[in-house]
Ligand SMILES: [Zn+2]
Ligand SMILES: [Zn+2]
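Numbering (my numbering), first residue to last: 178 to 1186.
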């Protein structure tokens, strides 16, 4: 017997149902279903993905939704009505599909606890829709439960009047329908309305009801309760279902045979298909030709980029790119992106250099989309457009995040408001938060959950096992298995991982359609902005174009500094990449606050490089090397040793072609592009094969796939080198493949780092002000302050009458903004700045509206009323008081002991005594001569003992961070010195890890740091 689930929910009914499209389709296939309907709660967001897997499985898809119903939307809002009914809607044809899109949009526009529609909306958009009366919370069923049979009958006639033969009464197989079913059946006969059976599917199989309850528990923020399930709401086997309902409800007059027939009738009636758009053309005001326009723009690009007479290389590259771009039909797309970027530039909005693979395109550079000359920087076009695929290339366009909405508005103006919108994104459960949630609802102690979390290895979402990390953890970790023995419920977390959690807005994306978007997708209106119902990739599959307008903080900072020093935003790209002072900044590791170099890893990579060799190219290399892959595999290390010792590298000996490809990186393969070049130029691979290799190279399970190309490689190189060498090169490529960075990224990042460093070295005051004002993370802000104090720039405390809201430059010093005071928000600070007379402590606070007692106290605590701050404030010590509630007189040890300081901290104070012992010394004490101590630089920590009369504390200093710390600090420190420490306290107060340390003498001069 054939059965179709006409009422089925997936994970797109967020936190109500379980199952990704492929999981649901696998079950449907196993059950031998020919057709499946998808009816998520007022959501069409799953349509694209479902239609794809349905097609793959040769199963017909019915497009439906289950919105929430009220009698009237306006009275719902007026009376704050929360009670809602359900209703099941299926698209019979194209008109019905469009109406469903319309209703899904309206349901979200009328969101009140749930996406809701009313009878007027439904009746006005009823054409082509088949209506089922819903689940046990449905419009008719609800009335029957309440024994309002007459009302139910009236409603049935009311619907019939509009929907006619497109109306079916819906029933389910649950025992709770035993009573009401009889009435429903009677009404069906009386009103001549056929009945269909649905399972209101919320999960896949028998025994999985707990999953739905888990989702509900999360939604309602409560404990798991096993009395709250509907056990039977899964995809049933047809025969089991048939015999179940016959026994449960009786089969008088072959009643159930008819009902099953009705299901098949509905299933056959619904024949809507997904509606697609085509990518929009560039919206010329007059009739113009896109290709001509592109060439015209590129020609002026050649002049403005100073490439006139660039020679044959440029011409050939241009011709090749144009050919590919034209063949792939990407001309309009590039023109659209270029138009947005160039408009932004005319508005003084800083745009990025082109972070992604688009930097590999000369045409993108000429159009003004990117700022890097791909030929000069050795970037590949093939990395940008994969000729073997039809997807639009990814252009990551970065904008000053403060002004991104302006660019979006411009796009809406250019294309029409109904053709452009923001993009929805769904948050998905990841490994760690699935474990947390499961732990919470089953009362598993936090420290137990943590054990499992510690063994969990998060993967990239695009990784095939990206959403199986919990499964993997329990499979491979003995510790995790032990936990599962004691708390078996924790295994249920596996079910959460990968499911959708809630809907959000993609920060950067917009989509643009050729037709009004409402004809292709549902569009929601939220706070005056339009948002799509489908995610970026799905929008692309529907023929819409997606553009990432990424907002990048570093661009806002650069833009802000440029404004302050009177430089035009666009001129940032004219900063010479050989600027001595800037390079010196990197050579001296003055990288705090510098984009991409803030972490310890990048700083250490620089430290490993010989200073005289650090230039722009090596800065780019640092970006690529300062990542876990190259650091752990040792490839970074061999890079440094070759760099330092000018050691001959065997790779360079292999062949002149390899020599050329790898000479800038000392014979090492650092970038994906190098592998691509070796495959193409050295082994004569086709573009297609090269791209295939690039893609599988990065995947863990790609190794075997990759190996299949070896014979091709051998064939390509046989005239150049012998087999042993060929194998050698192949192995090197294979080994490094997993973690290579792409050069277009590295160079674009390096450029931003370089620009930041340029400002830091030439305009340190403006640099620090912008950096501080744009940093929301308090800990990072303190780190920057530490850096400021080290640079010798005075930090002035927040002070009424002198400070503004934010940080500012004041006579070669930095003046802290009033907002920096704990307890003073931005609004209060603005008020305080505008009230100029308001600088005395004895002001009548009652007269100033908007300044609370708490704010007043905060100001007082921060000494913000004082006209003059005592001079000992050479490192903004009051600033630290405010943030850490310590007084400068307090001893450092006391401060660290303070219970209020936990986790990571920055403290300042005076040392009483400090002794340094490192592992090396300990060994020497044991009688070994220093040179016999093996690998001295491998001892990871030095131990610093901080002590005073009463107590002592062990501070661990990472040798990797502080090479020569040993005696240096203990010699430097004097018991009147002021010491600033940044660190973490993890195992009780008397054991701390030091991340940074600065020592000042009495006059505020830096002695160490
Ligand atoms: Zn329902
Ligand atoms: Zn339902």
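Yeah, the Cβ is synthetic: ideal placement off N, Cα and C, and Gly gets one too.
Exercise for the section: May I ask which residues mark the beginning and end of the alpha helix (DSSP H) holding residue 407? Expected result: Residue 407 -> no alpha helix (DSSP H), and no H or E assigned at all.
Handout entry: Cβ neighbour criterion (16 or more within 10 Å) applied to residue 391
Key = Taking a 10 Å sphere around the C-beta of residue 391, we find 16 or more other C-beta atoms and assign the residue as buried.
Practice task
Using only alpha-carbon positions, find the residue among 436, 480 and 350 that is nearest to residue 421.
Solution key: 350
Problem - Reference residue 471, options 574, 489 and 506, closest by Cα - result: 506
Problem - With 16 other Cβ atoms within 10 Å as the buried cut-off, status of residue 403 - result: exposed
Practice task
Give me the Cβ distance between residue 221 and residue 244, rounded to the nearest whole Å; I'm assuming they're in contact under 8 Å.
Solution key: With 8 Å as the limit, residue 221 and residue 244 do not qualify as a contact, their Cβ atoms being about 11 Å apart.
Problem - C-alpha gap between residue 961 and residue 948, whole angstroms - result: Answer to the nearest angstrom: the Cα atoms are 8 Å apart.
Exercise for the section: Could you tell me which uninterrupted beta strand (DSSP E) segments, each at least 3 residues in length, are contained entirely in the segment 293-342, listed from first to last along the chain? Expected result: 293-295 and 306-309
Practice task
Assess, as a yes-or-no matter, whether the segment 532-544 is touched by the segment 738-748 under the definition of 3 or more beta carbon pairs within less than 8 Å.
Solution key: no
Practice task
Using 7 Å as the cut-off, classify the Cβ of residue 376 as near or not near the heavy atoms of ligand 2, replying yes or no.
Solution key: no
Exercise for the section: Examine ligand 2 and report whether any of its heavy atoms sits within less than 7 Å of the Cβ of residue 598. Expected result: no
Handout entry: Option in 1132, 1176, 1157 and 1158 with minimal Cα separation from residue 1168
Key = 1132
Practice task
Return the Cβ separation of residue 647 and residue 670 in integer angstroms, given the expectation that the two are a contact with Cβ distance under 8 Å.
Solution key: 5 Å
Exercise for the section: Just confirm the distance between the C-beta atoms of residue 702 and residue 276, as a whole number of angstroms; I'd bet it's less than 8 Å. Expected result: The Cβ separation is near 18 Å, so there is no contact.
Exercise for the section: Look at the alpha carbon of residue 291 and the alpha carbon of residue 560, and state the distance between them as a whole number of angstroms. Expected result: A straight-line Cα-Cα distance of about 44 Å links residue 291 and residue 560.
Practice task
Examine ligand 3 and report whether any of its heavy atoms sits within less than 7 Å of the Cβ of residue 350.
Solution key: You won't find ligand 3 in this model; what it holds is ligand 1 and ligand 2.
Problem - Pair within 8 Å by beta-carbon distance, residue 184 and residue 475 - result: no
Exercise for the section: Going by CA-CA distance only, name the one from 464, 223 and 893 that's closest to residue 240. Expected result: 223
Practice task
Check the C-beta distance from residue 857 over to residue 867 and give it rounded, since I have them as a contact under 8 Å.
Solution key: 5 Å
Practice task
Inspect the beta-carbon positions of residue 708 and residue 682 and report whether they are closer than 8 Å.
Solution key: yes
Problem - residue 604 versus residue 676: straight-line alpha-carbon distance, rounded - result: 9 Å
Handout entry: Residue range of the alpha helix (DSSP H) that includes residue 188
Key = Counting along the chain, residue 188 falls outside any alpha helix (DSSP H), and DSSP gives it neither H nor E.
Problem - Coil, strand or helix - residue 709 by DSSP - result: strand
Handout entry: Bridge partner(s) assigned by DSSP for residue 347
Key = 373
Practice task
Taking only runs that begin and end inside the segment 769-795, name each unbroken alpha helix (DSSP H) of 4 or more residues, in chain order.
Solution key: 777-785
Exercise for the section: Kindly confirm or deny that the segment 423-441 and the segment 226-234 touch, where touching means at least three C-beta pairs closer than 8 Å. Expected result: no
Exercise for the section: List the endpoints of the continuous alpha helix (DSSP H) containing residue 905. Expected result: 900-914
Problem - Residue closest to residue 1177, alpha-carbon to alpha-carbon, out of 1003, 1156 and 1161 - result: Distances from the alpha-carbon of residue 1177 to those of 1003, 1156 and 1161 put 1156 closest.
Exercise for the section: Take residue 1049 and list the residues in its own chain whose beta-carbon comes closer than 6 Å to its own, dropping the five residues that flank it on each side. Expected result: Interpretation of residue 1049 is limited by its pLDDT of 36, a score under 50 that renders its predicted location unreliable; no figure is taken from the coordinates.
Practice task
Please confirm whether residue 994 and residue 981 have their CB atoms less than 8 Å apart.
Solution key: yes
Problem - Straight-line Cα distance separating residue 313 from residue 188 - result: 20 Å
Handout entry: Per DSSP, the bridge partner or partners of residue 990
Key = 987
Exercise for the section: Taking 8 Å as the cut-off, decide whether the C-beta atoms of residue 785 and residue 779 are in contact. Expected result: no
Handout entry: Bridge-paired residues (DSSP) for residue 246
Key = As computed with DSSP, residue 246 is found in a beta bridge with 262 and 294.
Exercise for the section: Name the residue from 616, 797 and 811 whose alpha carbon lies nearest to the alpha carbon of residue 924. Expected result: 797
Practice task
Taking only the alpha-carbon atoms, compute the straight-line gap between residue 811 and residue 917 and give it to the nearest angstrom.
Solution key: Distance between residue 811 and residue 917, taken at the CA atoms: about 13 Å.
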